[in-house]
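Chemist: Using UniProt numbering, the letters of the sequence shown correspond one by one to residues 1 to 89.
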Amino acid sequence: MSELFASGRIIDLIVGLLLAEGAGLVLYHRRTGRGIPPRQLVGFLSSGVFLMLALRAALTNVHWLWIWLALLGALISHLADLALRWPRD
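(1) Note the first and the last residue of the continuous alpha helix (DSSP H) segment covering residue 63.
(2) State yes or no: is the C-beta of residue 37 within less than 7 Å of the C-beta of residue 26?
(3) Could you tell me if residue 51 is buried or exposed, where buried requires 16 or more neighbouring beta carbons within 10 angstroms of its beta carbon?
(4) Which word fits residue 46, buried or exposed, when buried means at least 16 other C-beta atoms lie within 10 angstroms of its C-beta?
(5) Put residue 1 into one of helix, strand or coil per three-state DSSP.
(6) Counting beta carbon pairs with one atom in the region 70 to 80 and one in the region 17 to 33, are three or more of them shorter than 8 Å?
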């Protein structure tokens with residue numbers, strides 16, 4: 001179990017689950033017309049993926065720049081998601 005964490009493979013599994021969740025939500029919306037529109041899924045799912053990539057980089061001791069870039073990607077995704085959700089007057 002410790003190898004699963006030390007190698008970062010646990011993060012690969014979590015990212016796979018996030019992508020499967022996104023695909024499931026898109027299929028549900030397309031088939032039923034209900035649920036979250038795909039455009040609104042991109043922001044929060046991508047910010048989650050970027051956070052997981054930052055964690056994977058930290059667990060596997062890669063250069064700090066990659067961690068910083070993944071965190072920056074999470075921030076940009078989060079801000080884009082907020083911009084899409086912010087009420088327009």
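Every residue gets a Cβ at the ideal spot worked out from N, C-alpha and C, and that includes glycine.
No experiment lies behind these values; they were computed from the predicted model shown.
Modeler: Once the coordinates are examined:
(1) The residue you call residue 63 lines up with position 63 of the sequence shown. Neither: residue 63 is in no alpha helix (DSSP H) and is coded neither H nor E.
(2) As a first step, residue 37 is located in the sequence shown; it is residue number 37 there, counting from the start. As a first step, residue 26 is located in the sequence shown; it is residue number 26 there, counting from the start. Contact flag unset, no.
(3) Translated into the one-based positions of the sequence shown, residue 51 becomes position 51. So residue 51 counts as buried.
(4) Here residue 46 refers to the residue found at position 46 of the sequence shown. With 16 or more other Cβ atoms within 10 Å, it is buried.
(5) As a first step, residue 1 is located in the sequence shown; it is residue number 1 there, counting from the start. Here residue 1 sits in coil by DSSP.
(6) no
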